[in-house]
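First the structure, in the form of structure tokens, and then the observations on it.
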């Protein structure tokens with residue numbers, strides 16, 4: 013490899029869940045009434061190096077993080093959850109809040125970046141990316 017190139021590894025796991033919300037911004041149209049979404053949550057861990065076992069992140073640990081996300085949010089009304097207090101329950105906020113919950117699980121992994129992508133349907137998604145400490 014030349015001096016201007018570097019390796020990047022990615023590990024991604026996704027999970028489906030159904031939750032409800034109603035948007036709270038002025039004039040949200042039909043999104044202002046409580047409705048369900050079939051969300052697909054994808055966690056993507058990225059980094060330039062692997063650990064001594066050849067892992068960027070243990071896929072079982074990523075699945076366990078998504079188990080917790082599924083347990084917390086499945087069949088919930090996002091508006092009623094404490095982490096959404098004072099927030100419009102947008103898919104952007106949802107992605108960030110999921111990241112808040114799962115990032116501590118990967119502090120000791122060699123991954124340097126966590127991206128949370130949340131699809132709210134087949135065509136629309138938002139993501140939030142953060143550096144892992």
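In the numbering used here, the protein residues as written are 13 to 145. Glycine is no exception: its CB is placed at the ideal position from the N, C-alpha and C atoms. Owing to the predicted nature of the structure, the values given are computational and were not obtained by experimental measurement.
If you draw a straight line from the Cα of residue 111 to the Cα of residue 127, it is about 8 angstroms long. Rounded to the nearest whole angstrom, the CA to CA distance from residue 31 to residue 53 is 12 angstroms. Judged by DSSP secondary structure, residue 79 falls within the alpha helix (DSSP H) whose first and last residues are 71 to 85. Going by DSSP, residue 133 is part of no alpha helix (DSSP H) at all; its letter is neither H nor E. For the options 61, 24 and 114, the alpha carbon positioned closest to that of residue 84 is the one of 114. Distance from the Cα of residue 33 is smallest, within the candidate group 40, 46 and 81, for 46. Using a Cβ distance threshold of 8 angstroms, residue 109 and residue 95 count as a contacting pair. Excluding its 5 nearest sequence neighbours in each direction, residue 65 has no C-beta neighbour in its own chain below 7 angstroms. Sorting 133, 135 and 121 by C-alpha distance to the C-alpha of residue 143 places 121 at the top.
When the beta-carbon positions are compared, residue 55 and residue 74 come within less than 8 angstroms of each other. Within the same chain, and ignoring the five residues on either side of residue 23 in sequence, the residues whose Cβ sits closer than 6 angstroms to its Cβ are 57, 68 and 69. Every unbroken stretch of the beta strand (DSSP E) spanning 3 or more residues and falling wholly within the stretch 30 to 64 is given here in chain order: 47 to 59.
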